[in-house]
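There are 4 protein chains.
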Amino acid sequence: MIIVMRPNATHEEINHICDKVRELGLTPQLSRGVHRTIIAVIGEDEKLMVKPLEAFPGVDSVVPIQKAFKLASRDFRAEPTEFDMGGGVTVGGKKIHVMAGPCSVEGREMLLKTAEAVKQSGATFLRGGAYKPRTSPYAFQGLGEEGLKYLREAADTFQLKVVTEVMDPRNVELVARYSDMLQIGARNMQNFDLLKECGSSPRPVLLKRGLSATVQELLLSAEYMLSKGNFSVIVGERGIRTFETATRNTVDINAIPVIKAESHLPVLVDPSHGTGKRDYVLPIARASIAAGADALMIEVHPNPEEAKSDGPQSLRLPQFEALMKDLKVIAAAVGREI
Amino acid sequence: MIIVMRPNATHEEINHICDKVRELGLTPQLSRGVHRTIIAVIGEDEKLMVKPLEAFPGVDSVVPIQKAFKLASRDFRAEPTEFDMGGGVTVGGKKIHVMAGPCSVEGREMLLKTAEAVKQSGATFLRGGAYKPRTSPYAFQGLGEEGLKYLREAADTFQLKVVTEVMDPRNVELVARYSDMLQIGARNMQNFDLLKECGSSPRPVLLKRGLSATVQELLLSAEYMLSKGNFSVIVGERGIRTFETATRNTVDINAIPVIKAESHLPVLVDPSHGTGKRDYVLPIARASIAAGADALMIEVHPNPEEAKSDGPQSLRLPQFEALMKDLKVIAAAVGREI
Amino acid sequence: MIIVMRPNATHEEINHICDKVRELGLTPQLSRGVHRTIIAVIGEDEKLMVKPLEAFPGVDSVVPIQKAFKLASRDFRAEPTEFDMGGGVTVGGKKIHVMAGPCSVEGREMLLKTAEAVKQSGATFLRGGAYKPRTSPYAFQGLGEEGLKYLREAADTFQLKVVTEVMDPRNVELVARYSDMLQIGARNMQNFDLLKECGSSPRPVLLKRGLSATVQELLLSAEYMLSKGNFSVIVGERGIRTFETATRNTVDINAIPVIKAESHLPVLVDPSHGTGKRDYVLPIARASIAAGADALMIEVHPNPEEAKSDGPQSLRLPQFEALMKDLKVIAAAVGREI
Amino acid sequence: MIIVMRPNATHEEINHICDKVRELGLTPQLSRGVHRTIIAVIGEDEKLMVKPLEAFPGVDSVVPIQKAFKLASRDFRAEPTEFDMGGGVTVGGKKIHVMAGPCSVEGREMLLKTAEAVKQSGATFLRGGAYKPRTSPYAFQGLGEEGLKYLREAADTFQLKVVTEVMDPRNVELVARYSDMLQIGARNMQNFDLLKECGSSPRPVLLKRGLSATVQELLLSAEYMLSKGNFSVIVGERGIRTFETATRNTVDINAIPVIKAESHLPVLVDPSHGTGKRDYVLPIARASIAAGADALMIEVHPNPEEAKSDGPQSLRLPQFEALMKDLKVIAAAVGREI
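Chains A, B, C and D supply the protein sequences, listed in that same order. So in the working numbering the end of the first sequence lands on 499, straight run, no missing numbers. So in the working numbering the end of the second sequence lands on 499, straight run, no missing numbers. So in the working numbering the end of the third sequence lands on 499, straight run, no missing numbers. So in the working numbering the end of the fourth sequence lands on 499, straight run, no missing numbers.
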């Protein structure tokens, strides 16, 4: 941590800061310049972070040096995280997993039909929302536990894993009972009570990036779960809010190599929610793989016109089949497989 | 709702849309132009919103015409909402309420001292966090129920109302027991289960705008509570995320007249969290009143250097006293009082 | 400047950096910690800024300490800048100047009519565009020199100053001949050749903030002119781009106290372009004065329905008269006058 | 164009609008609903766009239906634009062009060395700035015409095309004399006088997207040149401003398929300026090709430590060679070549 003093900071103000630093068992190092003094504090400076140093008289600014997250960082674990989910499914390895299915679980039949088709095309996970976060209270809110049952049945029938969203800390146990991976949606990336509850679950977690969150904030939210003991976390890029209106959100492909550089956690991309338009799903899925993604989440619907949410971005079943064929070629070009 | 067809949309595609519209008991009106056809649907078009019209063949885009929120809109209630909280406190009327106190409740003594001072300077509410949303799992998370007790005691001692944040739907009842107004923080503006729970509470609610939420999204979140029957809602502007780094966030003063034009709900501004710097609290508080705010939330700490969170933006007790004197002058200039 | 080395930086890499620093006549100061080494360079570190230190092996990041702008900073000049424009008009003093007129100069008659009315209501400057920056090549591009002549005539007739935009470095001399203050629009804030040309003009300059520029970038652009010798610069906030769609842009009221703290230059606010809606001009104008603005730019049109650009935000003449009366009250409340 | 009237709009207000529409030779079509009336205007509604319809009494909002750009749109030209630059170089075809070289032209030797290396690795264009847009007036501003001469010489020696930035409309002819393609930088995307001047040049133009511009605004700026007769335009994505700080900007990969869908113009991506970090250039270059880019601009420097600008993102010569080998594989996977 670097404490930059104001040009006119007094001797007393500087000493006052140094005393505080020493009180915490740390060593301040002064660099006195012509214009101003800088105090470097090297060590376990998280201790100091709880003290509002910027509020001290004479302080201009405080610049943190160490990463705010630890367990999620490459410094903590140099090798990429892989986690085994049973049934031959390992997340974070050579194989790129595709999680496919409808935005919302709308019924048993449509889900069985979708599950069969996506399995055949090469997906390993079935996705589908039983609890839906909706901007408007008047929009369809999901089937709840009934939807979870349909997911489990369809996945079991076709040897798929289930990934589905949990929004309420009171439902974590229930959702964990029916699913293989808990999804924390973008709007809940900083729902800290939910993060803690998922961190205590035995289920792996897919944590999606908030709409205007930085990568550092995403990894700090992942840290909430890692610090509770759950290291089976995959972080998901699903588009950030920008000024562009031609796409629903802007899928931040840059985040893939950034997360890979900063963290050992695997990365998923959701081009369906990110772009909001069917025609852009394929190019962004391709780009995600080219940039190093470990998994993709793709919305597929047997009849998008009848979808209760997000129809415009859902692929029809034959479109998904074509997409998977295309993606296998790109995956091979970067030494991966689908 | 306006459905804009593609230039090359076929006759069949246009008829297909019109049939869907009629199926819902609505009337489509066609405007055929040289280049393209437009279908206007006038009526209770929320019914249609559940159908993903953009997924239909031949559709270019769908433009909603009616406001997405209803109960929160000026169309629903033309007069500004005022709600009486007892003890002579009415929110939304001529009097501008100032809610003051520390960011976090750190202990009994500091809170009593703060409460006494802010009451004397003219505040009507005591603020203070017992549950703190923190980006890092390693930061101070609040005193919990113990903090709530201190708040109640300090407020009762000095005839103040208590406003405090609730983060977890499981705690709504507990927080409501000790407080007069529930606060939903910016990070939870779209925590829909929390919104529903607060909508079912008998307590008034302060709903803060998310860091990158639009006013429409804020009012849709308020709608969640109104639709559950709780109309005692005040919405709060506390700074949005922009590219500016000189302030922690950018307090969107424009949102005040916008909310006043679109909705009947009263508006609060929090210049302390919004700017993140003590020196900017006064000018932004002044500007808020000049633009029509009904309430202000101001962080005050007897000793900001020792604050466990947000020290840099907290006013010292004499600074708060000076601010209140200054604000009374501005309030008078716009026909209000503090 | 603080050079933060990577945790695994070698002895050689550290020495290599220190050598480079010494080559430039500066003194590096090392702080060696358990995890990493930090090198502080205190002095005229702008010299170093031309060297791409982040490209050196072993470097993690470089944190500048000194402000990037100098002549525009409070450190350079502690007192607020005031400049005298003749005819009793001093910008930056107690009097808040209102610059009013149409978005575009559309003709002689409408301009004379507007000038007379705004003068009567208390404006000191006539605004109006003769050269218009338009997003579309098919939109009205302004009357050019003819418009400049109308501005000069109307201003002279009613003892007003002229402020008008210049977009092309080739036109600076021409525009300066007819006007009293050159305006550099938001889209040209980083048109560096234009900045240099205006910096060499004897005319005062109004420099508007770019749509997504930070205050620091705005002040760096002002620095371009100050470094050419033109210190008669007023910087203008006219709204930044955010995700909010209810207003055309978001007027950043926070920028007013920030600029006042960082710089000695006076500040103007343009609530007309900023909000894009007539109804929001008054509350934002009020807020601007309450937060410390030195000048306002307000669009006024005798007949907004016929305006060639920006009709929705233009005040009618009687609306402007009412606004001026209202603003005088706010100005008095903060110890200023209009 | 759709004109949405307010719920309480009067008969007179509606008729008034219809009269205005008819005055312009267009036909208004009314849709009267229970709550409000909508007026559809179908035809050459650009005529109407010069009228500020939102300023009319009774109007709630105006929704444009047609694209604001024409010549740049797919509707105008269905086939992708290819332009031949001589010497076997066609932009927009099967071959993906790589434009490589230093950020700034720093001298003759370094440029010759770079040109030789990038030619050998497969680049077809030499890039390098002779005029540099710099945020600070104290930063290196480029060698000017001397730099242009070095570019021409190095390119001719190794059979490369020259692409270089022009910032000032007064220099368009000079820059065109020495180069094969004019570059308009991100900060000048809305420097309309420069756009017009480049539109009148016989040279092809690379137009880069502004830091917070939408794709529509980018294409409108391209339209400025097309409407002057210059159709040899390639548009460039070089990163947009977002809240992410781990990369300098956020390369918007989504823009590639969006531009391809909306326009016939070819697309370039600049991962060097976009990410600002050498390590992220390769993954983003890969992703760009996977998403459909027609060209890449890559910064290469024989000795990044000595670079006068942008050292941290410049590839060393052997790194560039390795990158080119890698990109050939991805290009082949999507049916292109490098």
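Backbone N, C-alpha and C define an ideal beta-carbon position, used for all residues, glycine too.
query, result
"Selection of the stretch 407 to 430 of chain A by Cβ proximity to chain C, strictly under 8 Å", "none"
"Sub-8 Å separation of A:E405 and D:D413 beta-carbons", "yes"
"Residues in the stretch 294 to 322 of chain D having any Cβ partner in chain C nearer than 9 Å", "P294, R295, T296, S297, P298, Y299, A300, F301 and Q302"
"Meets three-Cβ-pair contact criterion under 8 Å: the stretch 215 to 229 of chain B and the stretch 470 to 478 of chain A", "yes"
"Touch test, the stretch 419 to 427 of chain B against the stretch 234 to 248 of chain B, Cβ-Cβ under 8 Å, three pairs minimum", "yes"
"Residue closest to D:K357, alpha-carbon to alpha-carbon, out of D:S340, D:V327, D:L372 and D:D341", "D:V327"
"Beta carbon of A:V279 nearer than 8 Å to that of A:L304", "no"
"Min CB distance A:D341 to chain B below 8 Å", "no"
"DSSP state of A:I345 mapped onto helix, strand, coil", "strand"
"Cβ contact check for the stretch 455 to 467 of chain B and the stretch 255 to 269 of chain B: 3 or more pairs under 8 Å", "yes"
"Cβ neighbour criterion (16 or more within 10 Å) applied to D:Q351", "buried"
"Stretch pair the stretch 169 to 178 of chain B + the stretch 191 to 200 of chain B: three plus CB contacts closer than 8 Å", "yes"
"Chain-ordered neighbours of D:F404 on chain B, where CB pairs are closer than 7 Å", "R402"
"CA nearest to the CA of B:T251, picked from B:E277, B:P365 and B:R235", "B:P365"
"Chain-ordered chain A contacts of B:M503 [CB-CB under 9 Å]", "This structure gives no information on residue 503 of chain B, because the portion of chain B shown stretches from 162 to 499."
"A:Q302, DSSP secondary structure in three states", "coil"
"Whole-angstrom C-beta distance between C:I445 and B:N415, which should lie under 8 Å", "6 Å"
"is_contact[D:L476, chain C] using C-beta, thresh 8 Å", "no"
"Closer than 7 Å at the beta carbon, the chain B residues around A:R348", "Q351"
"Where D:H462 falls: helix, strand or coil (DSSP)", "coil"
"Exposure label - C:A284; buried when at least 16 CB within 10 Å", "buried"
"N-terminal and C-terminal residue of the alpha helix (DSSP H) that A:D413 is part of", "It is not in any alpha helix (DSSP H) - A:D413 carries neither H nor E in the DSSP assignment."
"Distance between beta carbons of C:Y385 and D:P298, contact taken as under 8 Å", "5 Å"
"First and last residue of the uninterrupted alpha helix (DSSP H) at D:G360", "F353 to G360"
"Rounded straight-line distance, which links the Cα of A:P294 to that of C:S361", "57 Å"
"Test item: CB-CB of D:T403 and D:K438 under 8 Å", "no"
"Helix, strand or coil at C:D455 according to DSSP, with G and I counted as helix", "coil"
"Alpha carbon of B:I491 to alpha carbon of B:K228, nearest angstrom", "34 Å"
"Buried or exposed (CB count within 10 angstroms, at least 16 for buried), B:Q320", "exposed"
"For B:M260: DSSP bridge partner residues", "B:F286 and B:M458"
"Entirely enclosed alpha helix (DSSP H) segments - the stretch 462 to 497 of chain B, minimum 4 residues", "478 to 494"
"With 16 other Cβ atoms within 10 Å as the buried cut-off, status of C:G248", "exposed"
"Simplified DSSP state of D:I450, which is helix, strand or coil", "helix"
"Three-state secondary structure assigned by DSSP to D:D329", "coil"
"For B:I459, the nearest candidate out of B:A347, B:S433, B:L429 and B:V202 (CA to CA)", "B:S433"
"7 Å Cβ shell around C:A448 - same chain, five flanking residues per side excluded", "I414"
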